[in-house]
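Asker: Got a structure here, written out as C-alpha cells. Questions coming.
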Amino acid sequence: MHWWLPAQGSTFAGFIDTLFTVILIITGIAFFVVELGLLWFTFRYRARPGRRAHYTHGNLKAEVIWTAIPAITVVALGIVSNHYWKIIKGRNSVPADAYQIGVHAKQFEWQITYPGPDGVLGTADDFTLRNDLHVPAGRPVVVHLSSEDAIHSFFVPVFRLRQDVVPGMAINAWFQATTPGEYELACSQLCGLGHYRMRAHLTVMTWDDFQAWMKTAAQGATS
Amino acid sequence: MSAHHDDRSFIRKYIFSTDHKIIGIQFLFVSLFFLLVGGLLAMQIRWQLGFPGRPMPGGGILPATMAPGGVILPEYYIQLVTMHGTFMVFFAIMPLLVGVFANYLIPLKIGAHDMAFPTLNMASFWTALLAGLIMLAGFFVPDGAPRAGWTSYAPLSARPDLSGASYGQMLWCISLVCLGLSSILGSVNYITTVINLRAPGMTWFRLPLSVWALFITAILGLLALPVLSGAAIMLLFDQTIGTHFFDPAAGGQALLWQHLFWFFGHPEVYILILPAMGMVSDIVANGSRKPIFGYHSMVFAITGIAFLGWIVWGHHMFVSGMNPTLGSTFMVTTMIIAVPSAIKVFNWMGTMWRGNLRFHVPMLNAIGFVAMFTIGGLSGVFMAATPVDIHIHDTYFIVAHIHYVLFGGSLFALFGAITFWYPKMFGRLMNEFWGKVHFWLTMIFFNLTFFPMHILGMGGEMRRLYDPTQYDFLKPYQPLNTFISYSAFLLFASQVVFFVNFLWSLKHGKAAGNNPWEDNGLEWSLPSPPAHGNWETVPTVYRGPYEYSSPLVKEDYLPQYRKLDTDREPAMTPVSGH
Amino acid sequence: MATTAQHQRPNYVLIWAYLFGLTILEVLFAFEMPISRNLKIVILLFLAAWKALLVALYFMHLKFESSRLRLMVLIPLPLAVILVLAAISEHVW
Amino acid sequence: MTDATANAMQPPARAERGLDVYNNKLGMWVFLGSEVMFFTALIGAYIILRFGAPGEWAKPNVVLAVPLTGVNTFILICSSVSMVKAFAAIADGNRKMLSRWLLATIVLGATFVSVQGVEYWKLVHEGFTPAGYTDGSHVAELVAQGKLAAATGGLYGSTFFTMTGFHGFHVTCGVICLIYVWIKSLRGGYTQQDYRGVEVIGLYWHFVDLVWIILFTIVYLI
Ligand code: HEA
Ligand code: HEA
Ligand code: CUA
Ligand SMILES: [Cu+2]
Numbered sequence: 000m001h002w003w004l005p006a007q008g009s010t011f012a013g014f015i016d017t018l019f020t021v022i023l024i025i026t027g028i029a030f031f032v033v034e035l036g037l038l039w040f041t042f043r044y045r046a047r048p049g050r051r052a053h054y055t056h057g058n059l060k061a062e063v064i065w066t067a068i069p070a071i072t073v074v075a076l077g078i079v080s081n082h083y084w085k086i087i088k089g090r091n092s093v094p095a096d097a098y099q100i101g102v103h104a105k106q107f108e109w110q111i112t113y114p115g116p117d118g119v120l121g122t123a124d125d126f127t128l129r130n131d132l133h134v135p136a137g138r139p140v141v142v143h144l145s146s147e148d149a150i151h152s153f154f155v156p157v158f159r160l161r162q163d164v165v166p167g168m169a170i171n172a173w174f175q176a177t178t179p180g181e182y183e184l185a186c187s188q189l190c191g192l193g194h195y196r197m198r199a200h201l202t203v204m205t206w207d208d209f210q211a212w213m214k215t216a217a218q219g220a221t222s
Numbered sequence: 000m001s002a003h004h005d006d007r008s009f010i011r012k013y014i015f016s017t018d019h020k021i022i023g024i025q026f027l028f029v030s031l032f033f034l035l036v037g038g039l040l041a042m043q044i045r046w047q048l049g050f051p052g053r054p055m056p057g058g059g060i061l062p063a064t065m066a067p068g069g070v071i072l073p074e075y076y077i078q079l080v081t082m083h084g085t086f087m088v089f090f091a092i093m094p095l096l097v098g099v100f101a102n103y104l105i106p107l108k109i110g111a112h113d114m115a116f117p118t119l120n121m122a123s124f125w126t127a128l129l130a131g132l133i134m135l136a137g138f139f140v141p142d143g144a145p146r147a148g149w150t151s152y153a154p155l156s157a158r159p160d161l162s163g164a165s166y167g168q169m170l171w172c173i174s175l176v177c178l179g180l181s182s183i184l185g186s187v188n189y190i191t192t193v194i195n196l197r198a199p200g201m202t203w204f205r206l207p208l209s210v211w212a213l214f215i216t217a218i219l220g221l222l223a224l225p226v227l228s229g230a231a232i233m234l235l236f237d238q239t240i241g242t243h244f245f246d247p248a249a250g251g252q253a254l255l256w257q258h259l260f261w262f263f264g265h266p267e268v269y270i271l272i273l274p275a276m277g278m279v280s281d282i283v284a285n286g287s288r289k290p291i292f293g294y295h296s297m298v299f300a301i302t303g304i305a306f307l308g309w310i311v312w313g314h315h316m317f318v319s320g321m322n323p324t325l326g327s328t329f330m331v332t333t334m335i336i337a338v339p340s341a342i343k344v345f346n347w348m349g350t351m352w353r354g355n356l357r358f359h360v361p362m363l364n365a366i367g368f369v370a371m372f373t374i375g376g377l378s379g380v381f382m383a384a385t386p387v388d389i390h391i392h393d394t395y396f397i398v399a400h401i402h403y404v405l406f407g408g409s410l411f412a413l414f415g416a417i418t419f420w421y422p423k424m425f426g427r428l429m430n431e432f433w434g435k436v437h438f439w440l441t442m443i444f445f446n447l448t449f450f451p452m453h454i455l456g457m458g459g460e461m462r463r464l465y466d467p468t469q470y471d472f473l474k475p476y477q478p479l480n481t482f483i484s485y486s487a488f489l490l491f492a493s494q495v496v497f498f499v500n501f502l503w504s505l506k507h508g509k510a511a512g513n514n515p516w517e518d519n520g521l522e523w524s525l526p527s528p529p530a531h532g533n534w535e536t537v538p539t540v541y542r543g544p545y546e547y548s549s550p551l552v553k554e555d556y557l558p559q560y561r562k563l564d565t566d567r568e569p570a571m572t573p574v575s576g577h
Numbered sequence: 000m001a002t003t004a005q006h007q008r009p010n011y012v013l014i015w016a017y018l019f020g021l022t023i024l025e026v027l028f029a030f031e032m033p034i035s036r037n038l039k040i041v042i043l044l045f046l047a048a049w050k051a052l053l054v055a056l057y058f059m060h061l062k063f064e065s066s067r068l069r070l071m072v073l074i075p076l077p078l079a080v081i082l083v084l085a086a087i088s089e090h091v092w
Numbered sequence: 000m001t002d003a004t005a006n007a008m009q010p011p012a013r014a015e016r017g018l019d020v021y022n023n024k025l026g027m028w029v030f031l032g033s034e035v036m037f038f039t040a041l042i043g044a045y046i047i048l049r050f051g052a053p054g055e056w057a058k059p060n061v062v063l064a065v066p067l068t069g070v071n072t073f074i075l076i077c078s079s080v081s082m083v084k085a086f087a088a089i090a091d092g093n094r095k096m097l098s099r100w101l102l103a104t105i106v107l108g109a110t111f112v113s114v115q116g117v118e119y120w121k122l123v124h125e126g127f128t129p130a131g132y133t134d135g136s137h138v139a140e141l142v143a144q145g146k147l148a149a150a151t152g153g154l155y156g157s158t159f160f161t162m163t164g165f166h167g168f169h170v171t172c173g174v175i176c177l178i179y180v181w182i183k184s185l186r187g188g189y190t191q192q193d194y195r196g197v198e199v200i201g202l203y204w205h206f207v208d209l210v211w212i213i214l215f216t217i218v219y220l221i
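Chains as they are written, first to last, in numbering that gives the first Met the number 0: chain A, 0 to 222; chain B, 0 to 577; chain C, 0 to 92; chain D, 0 to 221.
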C-alpha cells in the first residue's frame with residue numbers, strides 16, 4: 000500500500016505530483032495556522048473567573064492581510080495550474096506524431112482497436128482486443144475515446160490520466176508512458192451495476208517490444 | 000395578534016400548524032429521521048467496502064433482489080450509494096439547515112409574529128415530507144431504488160435498459176420536483192419575511208449573521224432549485240414519454256444534464272454550508288463572549304460566496320470532455336472562492352482571540368466546525384487545480400472532501416445549533432455531559448473514518464465502486480478500507496448518544512429559562528418555548544447582535560432588545576399592534 | 000404600489016398597439032424580409048426583448064416601482080445568460 | 000385567533016417596512032424570480048441543444064403553423080391588456096368593470112389554452128410528437144422530401160412540447176387562479192382600498208405573457 004500517490008508511469012505524473020505537493024505545502028501551512036491557532040486560543044482564552052473578553056469589533060488591517068494573502072496565493076496557483084492543464088488537455092495539446100489507438104467503451108468492457116502493423120488507424124489491418132490495452136513507452140499516444148451507451152471514464156492511475164468517455168462525443172486524450180510494466184485501466188465513472196468490474200489490463204512496452212507484439216497480435220486477431 | 004390566548008385544536012396546533020416554530024420542529028423530526036435513514040444506508044455501504052462479499056449481519060432480512068443471504072449485490076450497492084447521497088443532501092442536511100432553522104429562527108431573530116405567508120410555509124413542509132416519502136418509496140418498487148448516483152448522470156439515468164431501474168429512477172425525478180417546489184415556497188417566504196417583517200430598529204446591518212446567511216441561502220435556493228426541477232422534468236420525460244434531451248443517439252447531449260445539474264448543484268452545496276456558517280458565527284460570538292470579528296466583512300463574505308457560487312459549477316466537469324478553455328475559467332473562479340471562505344475562517348478565529356471562552360456543547364461543536372470545514376475546504380483547493388483533479392476526480396479524495404465539508408462542516412454546525420436552540424424549542428436543555436461525550440466521540444471517529452479516505456483517493460480508489468478488490472492496484476488498500484469501516488460503525492454508534500440525549504431531554508432535561516446561554520438575540524427575550532405569535536407587540540431593537548462584554552454594562556452581554564438610558568428610539572415606527 | 004399606479008397610469012391601449020405592431024413586424028421579418036439569417040435572428044431577438052420590456056415596464060408597473068425592486072428583479076437574468084453561454088461555448092469556439 | 004398574523008397590512012393604507020412593497024406583491028415578485036430560472040432551464044436546454052444539433056434545425060412554418068399561433072399570441076396579448084384594465088378599474092373603485100375585465104381575461108386565457116390544445120392535437124396527428132416524427136406520417140414525408148432535417152427530429156419535438164407545454168400549464172394555473180379572483184370580485188372581495196389579489200395575480204399573468212413573447216419568437220420564428 001502506498002501512503003502517497005501511485006508510481007509514476009507517464010510524463011504527466013512528474014508535474015502533477017509536484018503540483019500536488021506544492022498545494023499540499025500551501026494548504027498544509029493554512030492547515031497548521033488554523034488548527035494550531037484554534038488549539039492555542041481554546042487553551043489561552045478559556046473562561047476564567049474575573050476575566051472579561053477584549054471588546055473589539057475587528058481590525059481592518061488584519062482583515063486586509065488575511066484576505067490578500069490567500070487571494071494572491073490562489074490566483075498564482077491558478078495560473079501555474081493552467082499552464083499544465085493546457086499541456087494535458089488543452090485544445091491543441093495532442094502531439095501531431097502521437098500513436099493512435101481507438102478505445103470504445105461499453106457496458107462493461109473496453110474494446111481497444113489497434114492500428115495494426117502499418118500504424119494507421121482505419122485501415123484494413125486494424126484489429127480489436129477486449130480489455131487488453133498495450134501501449135508503447137517513450138512516445139506520445141493518443142486514444143480516441145467513444146462510448147456505446149452510458150458515460151464511462153478512462154482512468155490510468157499510474158499515468159495520472161483520466162478522461163470521461165461520453166456517448167455522442169469524440170474525445171481524444173493523450174499521454175506518453177515512461178515505464179514498461181503491467182498496469183490496470185479502470186472505469187471511473189458510474190456506468191451501471193457492472194461498473195466495478197469494467198477493468199482492462201494495461202501493458203506498457205518498449206517501442207521494439209510493442210512492434211513485435213503488434214505483429215503477433217495482429218496475426219492472432221485475424222486468424 | 001394575541002400571543003397568549005390560543006384556542007386552536009390539537010390538529011391545527013401540532014399537525015397542520017401554520018406556526019413557524021411548530022413547522023420548524025416538524026422539519027426537525029422528519030429530517031432527523033431521514034438523517035438516520037441516510038446513516039443506516041452508509042453503514043451498509045461500509046460493510047460491503049470493509050468486507051466485500053461477506054454476508055452482512057442482519058442482512059438476511061433483506062429480500063433476495065438486494066442482498067441474498069445478506070450478501071450485498073452490486074445493483075443494491077449502487078442503490079445504497081445513490082440513496083445515501085440523495086437522502087443526506089436533499090432530505091437531511093438541507094431541510095435541517097433551511098427547513099428547521101430558517102423557519103424557526105428568522106421570525107424570532109428579526110422580531111416578527113410569524114412568517115409572511117404562514118400557509119405557504121405549511122405547504123412547504125408537507126410537500127417536502129411528500130418528496131421524502133416518494134424518494135423512500137424507491138426501495139419498494141419493482142427494480143428497486145434509483146441507481147445512477149445522487150448526481151443522476153444521463154444517459155445512465157435516462158435509460159432503464161442501462162441502469163436497470165425504471166420506476167426508481169422516475170421516482171427520483173418526481174421526488175426532486177416536489178422538493179424543488181417545497182424549497183421555492185420556503186424561499187419566497189424567507190425572503191419576503193426578512194425584507195418586510197423586521198422589527199423596528201432591526202436594520203440590515205443589525206441582523207444576526209445567521210439571518211443573513213439564511214436570507215442569502217434562500218436566494219440561492221430560490222434561483223437554483225427551479226433549474227433542478229426543470230432538469231428533472233426533462234429527465235423524467237426522457238424516461239417516460241420518449242423525449243431525447245439527454246440521449247446522444249437521437250441528437251441529445253449527455254453533458255447538458257451535467258451543466259444543468261451542476262449549475263444547480265454548486266449553489267446547492269453552498270445552501271448546505273452558508274446557514275451552518277451563519278449559525279456558527281452566532282454561537283462562536285456567544286461562546287467567546289466577544290463581538291463577532293469583522294461583522295461587515297462576514298456579511299460581504301457570505302454574499303461573495305453566494306455570488307461566486309454561481310460561476311464555478313464547471314469544476315465538477317473538468318474531465319467530462321467539456322471545452323478545456325471553460326475548464327481554465329472555472330478553475331480560476333473556483334480558486335477565488337477560497338478567499339471569502341478564508342475571511343470567514345480567520346474572522347471566527349479573530350472572534351475567539353482574547354475572548355473569554357465558554358466551552359458549552361454548542362461552542363465545542365462550532366469550534367469543531369471551523370476546524371473540520373477548514374480541512375474540507377483545503378482539500379477543495381486540490382480539486383480546483385485542474386491538473387490534480389485529473390487524477391483525483393471521482394476517487395475517494397472527493398468522498399473525503401464531501402464528508403469533511405458536509406459532515407465535518409454542516410453536521411457539526413447542526414449538532415451545535417440543535418443543542419443551542421433546543422432549550423428555546425422545547426423549554427429544556429440537553430444534557431451537558433452527554434453532549435460533550437457525543438462531541439468528542441464524533442470528532443474522533445469522524446476523523447478516523449474520513450481522513451484515511453484521502454489516502455485511498457490519492458492511491459486512485461474510485462467512488463461508487465462495489466468491490467475495490469477487483470483491481471490489483473487497490474488490493475493492498477483493503478486493510479485501510481476495513482479500518483475505515485470499523486471507524487464508521489463506531490461513528491454511527493456514537494450518534495446513539497445524541498439520539499438518546501435528544502429524546503431523553505425532551506422530558507427530563509434541565510428547565511431552561513428564557514435565556515440559558517446569556518445570548519443577545521431577540522428570541523431569548525421570550526419564554527421557552529415561545530407562544531404562538533411570539534410577541535404581544537414586536538420588540539424594538541437598539542443595537543447589533545454581538546454586543547458581548549460591552550463596556551456599557553456590567554454583564555458580559557447586552558441583548559438587542561435591552562434599552563439603555565442612552566438609547567434613542569429607532570426612526571422606524573413599529574407596525575401597529577392588533 | 001396602488002397609489003403610484005393611480006397617479007401615473009400609462010395608456011394601456013397604446014401599449015397594446017405597440018405589442019400588436021411589433022408582433023406583426025416580427026412575423027414580417029421572419030418570413031418576408033430578404034436579409035441574412037444572422038441579422039434576422041438579431042432583429043427578432045431585439046423585437047422580442049422590446050416587447051418583453053414593454054410588458055414588464057408598463058403592465059407589471061416596473062417603471063413605477065422603486066429602483067430597489069427593479070434591481071432585485073434583474074438578479075436572475077445574468078445567471079441565465081451565464082448558464083447558456085457556458086454550455087454553448089462547446090459549439091461556438 | 001384572527002388570521003391577521005403578518006398579512007394585516009392593507010395597502011394602500013400602508014405597506015410593510017422594508018421594500019415599501021406589501022408582502023403578497025413582494026412574494027410574487029420573488030416567486031417570479033424562481034420562474035425565470037425554471038424557464039431558463041427549459042429554454043436554455045433548447046438553445047444549447049439547438050446550437051449543438053448535428054443537423055440543421057427545422058425551418059419555421061414547416062412543421063409548426065405560424066398563422067394559428069400568431070393569432071394565439073394576439074389573444075394572449077389582449078388578455079394581458081384586459082388584465083391590466085381590470086387592475087385599473089378597481090384602482091378607480093369600479094368593481095363592476097373589474098369583474099368584467101377579469102371575465103374577459105379568463106375567456107381569453109382559456110381560448111389561448113384551447114387553441115394550443117388544438118395545435119397539439121393537429122401536430123400529433125401529423126406525426127410530430129415529443130419523441131420525434133412518427134413513421135409514415137405527414138411530417139415523416141416532409142423529412143423524406145428533404146424539407147426537414149431528420150437528425151434533429153427527436154430534439155425538435157422534445158424541446159417544443161416541453162417548453163410550450165409548461166407555458167400552457169402556467170396559463171392554465173393562471174386561469175384557475177383568475178377564476179377564483181373573479182368569483183371573489185363578484186362577491187365584492189376587492190375594494191379601492193384593498194385590491195392586492197388583483198395586482199398580484201396580474202403580475203403572474205403578465206409574466207406568463209412575457210414568457211410567451213420570448214417563446215413565440217425563438218420557437219416559431221427563428
Ligand atoms: C457543504 C458543501 C461544500 C462546500 C462548502 C464545498 C466547498 C468547496 N468545494 Fe466542494 N464539493 C461538495 C461540497 C462542498 N464543497 C460536494 C458534495 C462535492 C461532490 C459532488 C459529487 O461529485 O458527488 C464537491 C466537489 C468538489 C469539486 C469537484 C471534484 C471532482 O469531482 O473532481 C471541486 C473542484 O474544484 C470542489 C471544490 C471546492 C472548493 C474550492 C470549495 C471552497 O468553497 C472551499 C473554500 C474553503 C477553504 C479553502 C478553507 C478555508 C480557507 C483558509 C483556511 C484560507 C487559506 C486557504 C488557502 C490559501 C488556499 N468541490
Ligand atoms: C451530509 C451529507 C452526508 C453525511 C452526513 C454522510 C455520512 C456518512 N457517509 Fe456519505 N456521502 C454523501 C453525503 C453524506 N454522507 C454524499 C453526497 C455521497 C456521494 C453519493 C454518490 O456518490 O452519489 C456520499 C458517499 C459516501 C460514500 C462513498 C460511496 C461510494 O462512492 O461508493 C461512503 C463510503 O464510505 C460514505 C460513507 C458515509 C458514512 C460512513 C457516514 C457516517 O458519517 C454516517 C453516520 C451516521 C449518521 C450521521 C446518522 C446519525 C443519526 C442521527 C444523529 C439521528 C438522530 C435522530 C434523532 C435524534 C431523532 N458516504
Ligand atoms: Cu464503465 Cu464505469
Ligand atoms: Cu462544486
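Ideal Cβ positions, reconstructed from N, Cα and C, are used throughout, including at glycine. Everything numeric in this text was worked out from a predicted model, so none of it was measured.
Which residue wins for smallest C-alpha separation from A305/B, given the options D160/B, G379/B, G220/B?
Answerer: Closest by alpha carbon: G220/B.
Asker: What is the DSSP secondary structure of M114/B, reduced to helix, strand or coil?
Answerer: M114/B falls in the coil class under three-state DSSP.
Asker: To the nearest angstrom, how far is the alpha carbon of L489/B from that of P51/B?
Answerer: Each residue's Cα considered, the two are about 19 Å apart.
Asker: Return the residue from the list T104/D, F73/D, V70/D, Y155/D that minimises the CA-CA distance to K310/D.
Answerer: The question about residue 310/D has no answer, for chain D in this structure spans 0 to 221.
Asker: If we cut at 8 Å on Cβ distances, does H194/A have a partner in chain B?
Answerer: Yes, contact with chain B.
Asker: Specify whether the region 163 to 174 of chain B and the region 144 to 152 of chain B touch according to this definition: at least 3 beta carbon pairs, one from each stretch, less than 8 Å apart.
Answerer: The answer is yes - the region 144 to 152 of chain B touches the region 163 to 174 of chain B, with three or more Cβ pairs under 8 Å.
Asker: Candidates L464/B, L325/B, I282/B: which alpha carbon is nearest M348/B's?
Answerer: Ranking the options by Cα distance to M348/B, first place goes to I282/B.
Asker: What residues in its chain sit with their C-beta under 8 Å from that of G320/B, if we drop five residues either side in the sequence?
Answerer: Within the same chain, G320/B has close Cβ partners L254.
Asker: Between which residues of its own chain and W49/C is the CB-CB distance below 8 Å, once the five residues before and five after are set aside?
Answerer: So the qualifying residues of the chain are L21.
Asker: If you draw a straight line from the C-alpha of E535/B to the C-alpha of S174/B, how long is it?
Answerer: C-alpha separation (whole angstroms): 40 Å.
Asker: If you drop the 5 nearest sequence neighbours on each side, which residues of the same chain put their C-beta closer than 8 Å to that of V311/B?
Answerer: Cβ neighbours of V311/B beyond the five flanking positions: H265, F329, T332, T333, I336.
Asker: With a threshold of 8 Å between beta carbons, is K509/B in contact with chain A?
Answerer: No, because no Cβ of chain A sits closer than 8 Å to the Cβ of K509/B.
Asker: Closer than 7 Å: is that where the CB of H103/A sits relative to any heavy atom of ligand 3?
Answerer: Flag unset: Cβ of H103/A not near ligand 3.
Asker: Does the region 16 to 36 of chain C come into contact with the region 185 to 204 of chain D, if we say contact requires no fewer than three beta-carbon pairs (one atom in each stretch) closer than 8 Å?
Answerer: Touching, no.
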